[in-house]
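Trainee: Oh and the sequence shown: position 5 is 25 in the working numbering, straight run, nothing missing. No residue lacks a Cβ here, since even glycine has one placed at the ideal position from N, Cα and C. One structure coming up, written as structure tokens, with questions to follow.
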Amino acid sequence: EAEAAEAMGKESKSAKKAAPKKKAAKRKSRAKQPVDQRIKLFWGVFNQSLRRVALYEFNQKKQAQAKADELSKGGKSPHFVQKVKEAVEEA
Numbered sequence: 021e022a023e024a025a026e027a028m029g030k031e032s033k034s035a036k037k038a039a040p041k042k043k044a045a046k047r048k049s050r051a052k053q054p055v056d057q058r059i060k061l062f063w064g065v066f067n068q069s070l071r072r073v074a075l076y077e078f079n080q081k082k083q084a085q086a087k088a089d090e091l092s093k094g095g096k097s098p099h100f101v102q103k104v105k106e107a108v109e110e111a
């Protein structure tokens with residue numbers, strides 16, 4: 021009986037080794053595909069507390085700078101011009 025048990029033990033070990041391991045199936049990504057969003061560039065005139073005071077088209081930088089200079093002359097707070105990116109909604 022002991023020999024029979026040993027023989028069965030060896031057979032079950034070799035059977036386990038012979039069975040090929042199954043690879044885990046790859047899961048598809050559940051993340052949403054990013055939607056391409058169009059962005060337009062503007063010039064924004066900002067005050068000292070980073071609040072946008074005016075917005076100009078990108079080709080109107082001189083006008084934006086003039087507006088910032090005009091607002092800064094008041095003496096209360098300096099104003100500056102900075103690029104602003106905004107999303108464009110397609111109709």
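Can you look up Leu75 in the DSSP assignment and give me helix, strand or coil?
Mentor: Sequence index remark: in the sequence shown, residue 75 carries index 55 (1-based). Leu75 falls in the strand class under three-state DSSP.
Trainee: Decide yes or no for the touch test of the segment 46-57 against the segment 92-104: beta carbon pairs closer than 8 Å, at least 3 of them.
Mentor: Because the criterion of three Cβ pairs below 8 Å is not met, the segment 46-57 and the segment 92-104 do not touch.
Trainee: The alpha helix (DSSP H) spanning Ile87 covers which residue range?
Mentor: As a position in the sequence shown, residue 87 is number 67, starting the count at 1. The question names Ile, but residue 87 is Lys in the sequence shown. First-last of the alpha helix (DSSP H) with Lys87: 81-92.
Trainee: Quickly, what does DSSP pair Gln102 with across the bridge? List them, please.
Mentor: Position 82 of the sequence shown, counting from 1, holds the residue named residue 102. BP columns for Gln102 point to Gly64.
Trainee: Do Asn67 and His99 come within 8 Å of each other at the CB atom, strictly closer than that value?
Mentor: Position 79 of the sequence shown, counting from 1, holds the residue named residue 99. Position 47 of the sequence shown, counting from 1, holds the residue named residue 67. For His99 and Asn67, yes; Cβs fall inside 8 Å.
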